[in-house]
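Everything on this sheet refers to the single structure shown next.
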């Protein structure tokens, strides 16, 4: 299957990437050749195979979930320490709700 | 006495005998960095105050005659994808150019609790995406054996720093070979434990079902010690496993006679003689040491790169959604509204390879393609993992080359992403299957300058001990300098 320029722009939109014209034209053939390469997986019959989402370790004693107990975390100042913009103890973003 | 050429084991002896101090060790390394790192370019950020403060503490302990922790005074480098509280952590990305972590990774905490002195943060491909360190948003690290060649990647800075005596040991991360491949290219030892062996809390996520933290060193013993320090259950990483950590260092000398080692034929078909000749000599040496060899098959090897680049990019596209210019990192100075801010921030903050992988990952997860790509890849992953389970019914350890070639030239593969991906052809399988792996030096190429060749050993889940024992026996028998 061949990836089109329209597909590339659509995927960029989904990924919140604003690609330049130059980037679209650079990525298109590269992505297309990678997608063509991964087609080889279709040579394998996997109808009876369960998907492996995570490494499963038969011998592992993995409690996975800790007890749901409150514990100390960052204070507000620390949490905001890396914020590009902050105001009144909050992360500041461009307005998303218009005033009447 | 050149303090920068010592192994951690040798440093420990000298500290105990008061032949040098931890502060002298740290200063000797900082001086070596000032002298040599302009060429090698392994560090992005140095943390001399932090290293010296720790060294003073260690010297105080020695003065007071207190028992020393495992890594007391050891000059250590940490890949810049692993968080260090108060020390800038960039992930090799302009996106995190000004990011100062508010907390330490569990691996960082465990290193320092064991007495390690963290010298600084090492260069890597942006968000660990790459095989040459050329995708760093800062600069390219060079191979200390030949400055016109890459150090490998993505943990190229950590491998090069250890190879060039700019750190005694270091931490890297491995998602598709990012510890083992640069270890091979730079002539160091590099190890990735079983998935779940080392906590990833504070490792900036790339592909969560594949990410590992692991050590580099110039000796197997050093690598065993660092792995032992950082391994073990951590309630802050739900994938870390509650299985006791064996004494890796204490069991290094165990006899390897009678071990059965598998040679997977798929890893040797088409292998260049440049690499193959050295690996053959490595096999001969291990035969002399009493191991027996057996040809085995890992039939789905040929599908591993395709499988990997679907799963890794899919997970990356999801993990990297967090870089939106709101809570940390870069924010585009110009934008019209929130959505526009996200897009301009991500366009300005990410480099080409990261964008390429986010695009690929978003595509394979997008509506209508999920089953064809992501689900298919997860099923193929199960087949690759099963290959290993079946092989380990027959053999104790699997031996392969670490990479299909020695270090390639800077710029050689940079415009051909698919060819670059194929540099990981022998390493991605272990990440997909979750089995542990180690790369050890196995001699050098014939040319000048001679380039290191790496030999990879893969083991059963949680059988790191055995891998380290084989690697250690190989080192003691002169395997690193085999000719």
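Residue numbers (the numbering used here), protein chains in the order written: chain A, 53 to 152; chain B, 29 to 511. Think of the CB as a built atom: it goes at the ideal place given N, C-alpha and C, for glycine as much as any other residue.
Unbroken beta strand (DSSP E) run spanning residue i, endpoints
i	result
residue 57/A	Residue 57/A -> not in any beta strand (DSSP E); alpha helix (DSSP H) instead, spanning 57-66.
residue 73/A	Element bounds for residue 73/A: not the beta strand (DSSP E) but the alpha helix (DSSP H), 73-90.
residue 244/B	240-245
residue 220/B	217-220
residue 71/B	71-74
residue 103/B	103-107
residue 302/B	Note, residue 302/B: premise wrong, no beta strand (DSSP E); alpha helix (DSSP H) at 301-316.
residue 199/B	197-202
residue 323/B	320-324
residue 290/B	288-292
Within chain A, the residues that residue i reaches when beta carbons sit closer than 8 angstroms
i	result
residue 386/B	67, 69
residue 295/B	In chain order: nothing, as chain A lies at least about 18 angstroms away.
Residue i classed as buried or exposed, judged by whether at least 16 other C-beta atoms fall within 10 angstroms
i	result
residue 83/A	buried
residue 316/B	exposed
residue 34/B	buried
residue 405/B	buried
residue 383/B	buried
residue 228/B	buried
residue 395/B	exposed
residue 100/A	exposed
residue 142/A	exposed
residue 492/B	buried
residue 345/B	buried
residue 409/B	buried
residue 70/A	buried
residue 123/A	exposed
residue 343/B	buried
residue 387/B	buried
residue 167/A	No information on residue 167/A is available, as it lies outside the stretch 53 to 152 that chain A covers here.
residue 149/A	exposed
residue 249/B	buried
residue 153/B	buried
residue 79/A	buried
residue 146/A	exposed
residue 95/B	exposed
Nonlocal neighbours in the same chain, by C-beta distance under 6 angstroms from residue i, ignoring five residues either side
i	result
residue 46/B	none
residue 124/B	118, 357
residue 245/B	197, 217, 251
residue 512/B	With chain B running from 29 to 511 in the structure shown, residue 512/B is simply not present.
residue 235/B	203, 340, 343, 344
residue 297/B	none
Spatial neighbours of residue i in its chain, beta-carbon cut-off 8 angstroms, leaving aside the 5 residues before and after
i	result
residue 433/B	300, 302, 303, 451
residue 220/B	202, 207, 208, 240, 242, 458, 459, 464, 465, 466
residue 128/B	114, 115, 116, 117
Chain-ordered neighbours of residue i on chain B, where CB pairs are closer than 7 angstroms
i	result
residue 128/A	Here the premise fails: no neighbours, minimum Cβ distance about 12 angstroms.
residue 82/A	384, 445
residue 64/A	387
Nonlocal neighbours in the same chain, by C-beta distance under 7 angstroms from residue i, ignoring five residues either side
i	result
residue 373/B	352, 353, 358, 359, 360
residue 76/A	57, 60, 61
residue 111/A	Confidence at residue 111/A is low in this model, with a pLDDT of 48, below 50, so its placement is unreliable and no value can be given for it.
residue 283/B	none
residue 67/B	170, 175
residue 106/A	none
Range covered by the alpha helix (DSSP H) that runs through residue i
i	result
residue 256/B	248-258
residue 210/B	208-214
residue 383/B	380-393
residue 510/B	Run containing residue 510/B: none; DSSP gives neither H nor E here.
residue 42/B	36-44
residue 368/B	366-377
residue 150/A	Careful: residue 150/A lies outside any alpha helix (DSSP H) and carries neither H nor E.
residue 115/B	Where residue 115/B is concerned, there is no enclosing alpha helix (DSSP H), given that its DSSP letter is neither H nor E.
residue 185/B	184-191
residue 346/B	332-347
Under 9 angstroms by beta carbon: chain A residues contacting residue i
i	result
residue 365/B	146, 147, 148
residue 323/B	The contacting residues do not exist; residue 323/B stays about 23 angstroms from chain A at best.
Partners in chain A for residue i, counting only beta-carbon separations shorter than 7 angstroms
i	result
residue 153/B	The contacting residues do not exist; residue 153/B stays about 16 angstroms from chain A at best.
residue 334/B	89, 90, 92, 93
residue 159/B	The premise fails here: residue 159/B is roughly 15 angstroms from chain A at the closest Cβ pair, so nothing lies under 7 angstroms.
residue 408/B	93, 96, 98
Proximal residues of chain B, C-beta to C-beta of residue i below 8 angstroms
i	result
residue 124/A	Result: empty, since nearest Cβ-Cβ is about 12 angstroms, beyond 8 angstroms.
residue 137/A	359
residue 106/A	237, 267
residue 118/A	263, 266
Within chain B, partners of residue i - CB distance below 9 angstroms
i	result
residue 54/A	Per Cβ cutoff of 9 angstroms: no residues; residue 54/A is ~13 angstroms from chain B at best.
For this session: List in chain order: all unbroken alpha helix (DSSP H) runs of 4+ residues lying wholly within the segment 416-488 of chain B.
Result: 445-449, 456-461
### Query
Taking the runs of the beta strand (DSSP E) that are 3 residues or longer, which of them lie wholly in the segment 119-167 of chain B?
When DSSP assignments are scanned along the segment 119-167 of chain B, the uninterrupted stretches of beta strand (DSSP E) that are 3 or more residues long and fall wholly within it turn out to be 145-150.
message: Going residue by residue through the segment 49-88 of chain B, where are the continuous alpha helix (DSSP H) segments of at least 4 residues, counting only ones entirely within it?
response: 50-68
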